[in-house]
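**Q** Chains A and B are the protein sequences, given in the same order. Anchor point for the first sequence: position 355 equals 371 in our numbering, and the numbering is continuous, going up by one each time. Anchor point for the second sequence: position 2 equals 5 in our numbering, and the numbering is continuous, going up by one each time.
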Amino acid sequence: MSRAASSPPPPRRGQSYMAQVTRQVLTQWGARLGLAWIGLLGILAVFAPFLASSHPLLLSQDGQMDSPLLRYLSPADVTLLALFFTALILALARASFRAWLGGVGSMLILAGVLSTALVQPPALAIYEQYRQQEAAGDYDWVLYAPIPYSPKDYQRDRGETGLQPPLASPQANHWFGTGENGADVLARMIHASRIALGIGFVATSIALLLGILIGGLMGYLSGVVDIIGMRLVEIFEAVPTLFLLLTFVAFFERSLYLLMVIIGLTSWSGYARYVRAEFLRLRQQDFVQAALACGLPLRSILFRHMLPNGIGPILVAASFGVASAILAEAVLSFLGLGLVDDPSWGQMLNQAVKSSTFNWWMAAFPGGAIFFTVFAYNLIGEALRDAIDPYLKKS
Amino acid sequence: MSTYVIRRLLLMIPTLLGITLVVFAVMAASPGGISAQSLIEGQNLEPQAKKALEDYYNQLYGLDSPPAIQYLRWLNNASPAGFTFDEENHISGFSLWKGSDLGTSFRYGRPVLELIEERVPITLLLNILSLPFIYTLAIAVGVRAATERGKVFDVGSSALLLGLWSVPVMLTGVLLIGFFASNQYWHWFPTAGLNTREALDMPFLPHWGSLGEAALLLVAGVAGAGAGVGLAKAPRLLRVGLLAGLGMGLGFWMGAGLPHPHLGMSLSLGVLLALIIGGLGYTDYAGLRLGLLGLLGAGLGLTVAAQGGDGEFVRGFLLDRLWHLVLPVLCLTYSGFAFLSKLTRTAVLENLMADYARTARAKGLAENTVLWKHVFRNSLLPLITVSATLLPGLLAGSVIVESIFSIEGMGKLAVEAVQTRDRELVLSITLISGLLTLAGYLIADLCYAIADPRVSYD
Chain A
17 MSRAASSPPP PRRGQSYMAQ VTRQVLTQWG ARLGLAWIGL LGILAVFAPF
67 LASSHPLLLS QDGQMDSPLL RYLSPADVTL LALFFTALIL ALARASFRAW
117 LGGVGSMLIL AGVLSTALVQ PPALAIYEQY RQQEAAGDYD WVLYAPIPYS
167 PKDYQRDRGE TGLQPPLASP QANHWFGTGE NGADVLARMI HASRIALGIG
217 FVATSIALLL GILIGGLMGY LSGVVDIIGM RLVEIFEAVP TLFLLLTFVA
267 FFERSLYLLM VIIGLTSWSG YARYVRAEFL RLRQQDFVQA ALACGLPLRS
317 ILFRHMLPNG IGPILVAASF GVASAILAEA VLSFLGLGLV DDPSWGQMLN
367 QAVKSSTFNW WMAAFPGGAI FFTVFAYNLI GEALRDAIDP YLKKS
Chain B
4 MSTYVIRRLL LMIPTLLGIT LVVFAVMAAS PGGISAQSLI EGQNLEPQAK
54 KALEDYYNQL YGLDSPPAIQ YLRWLNNASP AGFTFDEENH ISGFSLWKGS
104 DLGTSFRYGR PVLELIEERV PITLLLNILS LPFIYTLAIA VGVRAATERG
154 KVFDVGSSAL LLGLWSVPVM LTGVLLIGFF ASNQYWHWFP TAGLNTREAL
204 DMPFLPHWGS LGEAALLLVA GVAGAGAGVG LAKAPRLLRV GLLAGLGMGL
254 GFWMGAGLPH PHLGMSLSLG VLLALIIGGL GYTDYAGLRL GLLGLLGAGL
304 GLTVAAQGGD GEFVRGFLLD RLWHLVLPVL CLTYSGFAFL SKLTRTAVLE
354 NLMADYARTA RAKGLAENTV LWKHVFRNSL LPLITVSATL LPGLLAGSVI
404 VESIFSIEGM GKLAVEAVQT RDRELVLSIT LISGLLTLAG YLIADLCYAI
454 ADPRVSYD
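1) Is the CB-CB distance between A:N325 and A:L308 below 7 Å?
2) Could you pull out every residue in the same chain whose Cβ sits closer than 8 Å to the Cβ of A:V415, ignoring the five residues on either side in sequence?
3) Would you list, in chain order, the members of the stretch 338-369 of chain A that have their beta-carbon closer than 9 Å to a beta-carbon of chain B?
4) In this structure, does DSSP put A:I251 in helix, strand or coil?
5) Would you report the Cα separation of B:S436 and B:L398, rounded to the nearest angstrom?
6) Applying the 10 Å Cβ sphere with the 16-neighbour rule, what's the burial state of A:Q187?
7) Less than 7 Å separating the beta-carbons of A:S285 and A:V338?
8) For A:V241, which residues of its own chain have a beta-carbon under 8 Å away from its beta-carbon, when the five flanking residues on both sides are left out?
9) Three Cβ pairs or more, each shorter than 8 Å: is that satisfied between the stretch 310-325 of chain A and the stretch 367-384 of chain A?
10) Is B:S409 near the ligand NAD, going by C-beta to nearest heavy atom under 6 Å?
11) Output the boundary residues of the beta strand (DSSP E) element that contains A:L159.
12) A:N197 touches chain B at which residues, Cβ-Cβ below 9 Å?
13) What's the call for A:L169, buried or exposed, on a 16-neighbour Cβ count within 10 Å?
14) Mind listing the chain B neighbours of A:L226? Cutoff is C-beta to C-beta under 7 Å, in chain order.
15) Using the beta-carbon of each residue, which ones in chain B are nearer than 8 Å to A:P186?
16) Apart from the five residues just before and just after B:V373, which ones in its own chain have a Cβ nearer than 8 Å to its Cβ?
17) Would you please verify whether the beta carbon of B:L441 is less than 7 Å from any beta carbon of chain A?
18) Tell me, which residues are paired with A:L200 by DSSP?
19) Let me make sure I understand the geometry here. Which of B:G400, B:D455, B:L383 has the alpha-carbon closest to that of B:A141?
20) Please report the residue range of the beta strand (DSSP E) in which B:F88 lies.
21) Classify B:H210 as helix, strand or coil using the three-state DSSP reduction.
22) For A:D82, list the residues DSSP reports as bridge partners.
23) Given that A:I222 touches chain B, what residues does it touch there, using C-beta distances under 8 Å?
24) For chain A, find out if any of its Cβ atoms is closer than 7 Å to the Cβ of B:A202; answer yes or no.
25) Answer yes or no: do B:V177 and A:A368 have a C-beta to C-beta separation smaller than 7 Å?
26) Is the distance from the Cβ of B:V172 to the Cβ of B:T433 below 7 Å?
27) DSSP state of A:A68, grouped into three classes?
28) Between the stretch 137-157 of chain A and the stretch 62-82 of chain A, do three or more beta carbon pairs fall short of 8 Å?
29) Here's the rule I'm using: 16 or more other beta-carbon atoms within 10 Å means buried, otherwise exposed. How should B:H263 be labelled?
30) Within 7 Å of any Cβ in chain B, is that where the Cβ of A:A47 sits?
31) Hey, which unbroken runs of the alpha helix (DSSP H) at 4 residues or more fall wholly within the stretch 315-401 of chain B?
32) At what residues does the alpha helix (DSSP H) containing B:P135 begin and finish?
33) Express the C-alpha separation of A:L86 and A:T95 in angstroms, rounding to a whole number.
34) Does the Cβ of B:F371 have 16 or more other Cβ atoms within 10 Å, making it buried, or fewer, making it exposed?
35) Quick check: is the beta carbon of B:V222 nearer than 7 Å to any beta carbon in chain A?
36) In whole angstroms, what separates the C-alpha of A:W191 from that of B:I131?
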């Protein structure tokens, strides 16, 4: 609705619909800022162990070089790094969207399997040993990460003896202060960006997949399938999502992957409604009837012919959905029903008003991170809607 | 119409069954599940007492039977029509009006219905208080944005609203508590609960030691409001200058009120408030300016007058309750407001471009008449629909607010119920919130048909 929307760039000949939409989204400042923030978070998430870790990046002991950080890399770290570089290379080579998707997908499976089989970090990490050995002069030289604390490096501090008071306000050692166990807030926040991004993407993908499948079948087949499907949609809509989530999470073990699945399972109904309405409209149109007359299989009609024509509004909804999935995880963690020991922004925000004192840094930094991420996805969603919805474009 | 309502009511039954089935299945399928053993786990009891307690729970809730039987048993108890049992748990007959029994809470040992009856009014109070604010603000901003499409107010307000919409309620709650309720900053509001202990013994209305003092407060409030309104009507340059000065003064006063006054803090507060209040004076939106400045003036007058009193003042139950509700209601208001004003804007925009609006204008009606008498009335339709669906949504939204402010409402009860694996409570809360939501949808559809003669469900 800004000036950019009222004078859209002229469509190029031979450019696909998706490319046009992307171009138009990118003309809006809000969307650019949002994408920049998500990109920054993505880089933080991929390189988290290199940015914030108590393991030295490199050290030299008795003339021998060693890198404890590499030894302690987990399978998830390795998989993420492999994925990032594959995506980067494919993007630089200007591969088509399909090749890009295939490349990243196969890399995910390959790297995931290989790294779980081959990468086995030592089970126990004693972060203190590096500081003690460094203080004792055992190392010739040590190179630490920019933030020399791991997210679970509790109660210890550099240059001082004894236990550091938990919940200390920001100082020179800890730029963003420390949490209730004495862990560095900035280090935890960097590692938590993984959870925030991962939950957003994976949960929304699961919800989208379920929604498209159920909604598509409902809209296309209608009749009895539609009636049963609508009851299913109503069931999931009639219970407030937050409450359903609470129930799920409280009764199952706390694991990141389960959390993703559960948030996905509880938020598909909106997409199903959209897809159903869209398919009910499309079903009557000539090209679908033509495809039907040609004797194409159901799979082909549904996903090759109908879906691409109805995907626009669903993508807009998905972009807002990512924001609400991130918010859902934050709320769960805030209520103390999230992951137990893993860093999460919501769980850190929970510590802001612990024990009747107000720790402003625990509210400002993690809370600010949640706000900016949710805001970024909402901005992107808004820009996407302006680009896709021809009715709103006019106004 | 009546056939439509009956059909909708009948369709609610399978949905409600489905809701409880889903929730029951989740609880039954969870690792550990719910059994008499898991209920008394962690209690330090003699083996014999443990066994007795287990038997007691098994007898009471049938926790040793297979999940399917347990579900059917619960369903039979909860539904108003069903089988009745005699003393030895044998079916004694079938009754259509045996009344529904939602069971007894594991944790509290009290009937679930009683617990819910206790908590619902509190959550309703919170939500009903916030609804008028949401609607007034949303309509004011939404209509204004639509009439000024593409201008500064529209672009600015929609960016601001999107931002406001993205601020998580828990962050707002934590910040409000931290700055305005904790004793590290301004200890203006209470941190938790709905009333102080003493307030229970107080009379309902506030009262003062002397009549003169009450009169002083009244005069000061009215004078303050008058001064605010007068200032809002003054020429722009004058009012911006005066208001900025006032903001600066307020900032310094707030800075001095801190437990550890700090010059930099006071200075930045002063500049911030000068910008905000000065900007309020700068705006062209006369209604907004008059209203907010009047309120500000009244508040200032009251504060100044209260400082001069001799302390013979009893707060009273009502004022105490309101004082506790300010921050939670603020939290609940802002998120709904952002959503609703966007909706208002779209609706008004759509109707402003409609043919009938053009006709009204061509007829020579003033723009304001067209807007409020014709366009606005038609734009109310989507707002009516949303209001019916808003209430159950607000019930869920108060989960966070109630947890932050430790208010013993439905939301907090729900969190406690799932945390303590209180099966009967969880099932009942889902059933009731599901019922509310479905009823909300139905009422919304009916309102739509009543308000818009083009819609019919026959």
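For glycine and all other residues, C-beta sits at the position ideal for the given N, C-alpha and C.
**A** Straight from the coordinates:
1) no
2) Past the boundaries of the shown model lies residue 415 of chain A; chain A is included only from 17 to 411, so the question cannot be answered.
3) A339, L343, A346, V347, F350, L351, G352, L353, G362, L365, N366, A368, V369
4) helix
5) A direct Cα-Cα distance of roughly 8 Å separates B:S436 from B:L398.
6) exposed
7) no
8) L233, M234, listed in sequence order.
9) no
10) The ligand NAD is not among the ligands present in this structure, which contains no ligands whatsoever.
11) 157-159
12) None at all; the shortest Cβ gap to chain B is about 19 Å.
13) This sequence places Asp at residue 169 of chain A; Leu is not what is there. By the 10 Å Cβ count, A:D169 comes out buried.
14) The premise fails here: A:L226 is roughly 14 Å from chain B at the closest Cβ pair, so nothing lies under 7 Å.
15) Residues of chain B passing the Cβ test: none, with the nearest at roughly 15 Å.
16) A360, A363, R364
17) yes
18) Checking the displayed sequence, the identity of residue 200 of chain A turns out to be Asp instead of Leu. According to DSSP, A:D200 bridges with A:T194.
19) B:L383
20) 85-88
21) Looking at B:H210 - three-state DSSP - the assignment turns out to be strand.
22) A:L75
23) Listed along chain B, no residue sits closer than 8 Å to A:I222 by beta-carbon distance, the nearest being about 17 Å off.
24) no
25) yes
26) no
27) strand
28) A contact is defined here as three or more CB-CB pairs under 8 Å, and the stretch 137-157 of chain A meets this definition with respect to the stretch 62-82 of chain A.
29) That one is exposed.
30) no
31) Whole alpha helix (DSSP H) segments, 4+ residues: 319-355, 358-365.
32) 115-150
33) In this structure, the alpha-carbon of A:T95 lies about 14 Å from that of A:L86.
34) With the sequence shown as reference, residue 371 of chain B is identified as Asn, and Phe is not the correct amino acid for it. It is exposed - the Cβ of B:N371 has fewer than 16 other Cβ atoms within 10 Å.
35) no
36) 43 Å
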